[in-house]
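The block underneath contains the structure these notes are about, expressed in structure tokens.
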């Protein structure tokens with residue numbers, strides 16, 4: 087990435103750099119032309135080709151500053167526009183399933199799950215360290231892009247050839263659908279706050295394919311939940327194991343509908359810690375984390391009844407000011423207007439943790 091910083095380039099699905107002459111990205115603070123703004127960077131790249139007046143001849147290269155499915159589909163539109171335009175529906179579906187865990191079709195999900203495996207340095211046949219734990223090669227994103235750009239049409243047209251890469255995650259997804267249909271998972275929506283309260287049977291085993299911040303607590307594959315409810319604020323309860331998170335849609339510049347601004351979750355963590363009769367302390371990620379999570383430290387069980395927890399979460403969402411505003415000029419992070427104060431009986435200690443969407447790979451861009 088650093089080698090193209092100073093060269094005129096098109097940036098897809100990432101933060102603008104010194105040499106960026108055109109940004110095709112839904113990230114906050116990127117100078118994407120407003121007339122082609124869409125929810126996904128892939129949709130932006132598609133719209134770019136529908137607006138010839140925006141075409142640039144200044145760029146020498148096209149790049150992205152991380153690897154994910156939206157970035158892959160966006161990059162494919164720029165480097166192979168004819169092939170991309172012939173598969174626009176599939177590419178947008180893959181981008182949506184990859185970024186938001188929302189499935190337009192099960193085929194889109196399976197394509198993403200295959201890409202998850204092929205981009206995992208511990209599993210990928212492209213990796214020199216396949217089957218080994220440890221940090222990926224420094225140029226891993228570039229290597230994965232080079233390998234997958236040449237395979238994405240085959241993936242779309244001949245998905246069964248990639249079954250070995252998507253089958254395991256597909257099984258997990260189908261198990262989650264069964265839990266939802268059998269009543270082991272219940273989603274209660276609070277439309278006034280764009281909040282979903284997910285009540286899961288204590289017998290459900292946490293899904294290991296939740297690659298974002300709620301891994302270890304989410305009781306089913308995230309695509310089951312996110313495809314079942316449009317709510318961007320999610321409170322999950324599995325017995326007395328709790329987890330709240332803001333979906334990734336609220337980090338980017340999402341334009342198809344107005345989404346509520348994220349709140350700073352740390353004051354709520356302090357309040358919940360004070361509510362506990364016996365440990366644990368609650369911890370919260372900063373509002374600029376891609377998927378900020380609020381939960382008891384160490385995923386311990388809480389002593390707070392669920393109805394009381396819902397009441398406190400609702401109260402915080404109703405009263406706290408916005409802390410992350412993706413369309414705000416000058417940066418999405420909104421500094422708090424007053425310091426966090428601990429309630430009586432609380433130590434006031436919380437732990438802020440940042441998480442990457444990809445195992446071992448951290449995305450760049452603005453953060454709190």
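In this note's numbering, the protein residues as written are 87 to 454.
Ideal placement from N, C-alpha and C gives every residue a C-beta, glycine not left out.
- In terms of Cβ geometry, residue 392 and residue 323 form a close pair [threshold 8 Å].
- Using a Cβ distance threshold of 8 Å, residue 162 and residue 238 count as a contacting pair.
- Membership of residue 110 in the beta strand (DSSP E) is indicated by the continuous run 106-110.
- For residue 296, the CB contacts under 6 Å within the same chain, skipping 5 residues up- and downstream, are 304, 308 in chain order.
- Using a Cβ-Cβ distance cut-off of 8 Å, the region 359-371 and the region 403-422 are not in contact, since fewer than three pairs of beta carbons, one from each stretch, lie closer than that value.
- Here the alpha carbons of residue 105 and residue 139 stand approximately 21 Å from one another.
- For residue 275 and residue 283, the gap between their C-alpha atoms comes out near 6 Å.
- Note that the region 183-192 does not touch the region 131-147; fewer than 3 beta-carbon pairs, one per stretch, sit closer than 8 Å.
- Contact between residue 125 and residue 111 is absent: CB atoms are separated by about 12 Å, not below the 8 Å threshold.
- In the assembly as shown, residue 113 is a buried residue. Its beta-carbon has 16 or more other beta-carbons within 10 Å.
- The region 333-340 makes contact with the region 311-318, as at least three CB pairs between them are under 8 Å.
- Annotated three-state conformation of residue 124 is coil, per DSSP.
- Taking a contact as a CB-CB distance under 8 Å, the pair residue 280 and residue 345 counts as one, their CB atoms being some 7 Å apart.
- Under DSSP, residue 253 shares a beta bridge with no residue.
- Non-local C-beta neighbours of residue 210 in its own chain, meaning closer than 8 Å and more than five positions away in sequence, comprise 203, 204, 216, 230, ordered along the chain.
- In this structure residue 306 is in contact with residue 271, their Cβ atoms being roughly 6 Å apart against a cut-off of 8 Å.
- For the alpha helix (DSSP H) assignment, the uninterrupted runs of no fewer than 4 residues enclosed by the region 361-409 are, from N- to C-terminal side, 392-405.
- Bridge partners of residue 96 according to DSSP: 108, 148.
- For residue 200 and residue 254, the gap between their C-alpha atoms comes out near 10 Å.
- In the structure shown, residue 328 adopts extended strand secondary structure according to DSSP, grouped into three states.
- Residue 272 is bridged by DSSP to 285.
- Looking only at 233, 251, 341, 226, the smallest Cα-Cα distance to residue 123 is reached by 341.
- The beta carbon of residue 383 sits closer than 6 Å to those of 366, 367, 369, all from its chain and outside the five residues before and after it, given in chain order.
- In the DSSP assignment, residue 335 falls outside any alpha helix (DSSP H), carrying neither H nor E.
- Linking residue 331 to residue 207 through their CA atoms gives a straight-line distance of about 27 Å.
- With respect to residue 149, residue 95 sits close: the two C-beta atoms are nearer than 8 Å.
- Counting along the chain, residue 414 sits inside no alpha helix (DSSP H), nor does DSSP assign it H or E at all.
- Residue 235: member of the alpha helix (DSSP H) spanning 226-235, first to last residue.
- Inclusion of residue 353 and residue 410 in the CB contact set at 8 Å is not warranted, their separation being larger than that value.
- Residue 292 and residue 355 have their C-alpha atoms roughly 22 Å apart.
- For residue 143, the three-state secondary structure derived from DSSP is coil.
- If you look at residue 199, you'll find it in the alpha helix (DSSP H) that goes 192-204.
- Residue 158 carries a helical assignment under DSSP once its states are collapsed to helix, strand and coil.
- Between residue 144 and residue 198, the C-beta spacing is not below 8 Å.
- With respect to the C-alpha of residue 343, the residue from 285, 258, 316, 176 having the closest C-alpha is 316.
- Excluding residues up to 5 positions away in sequence, 182, 312, 313 lie with their Cβ nearer than 6 Å to the Cβ of residue 188 in the same chain.
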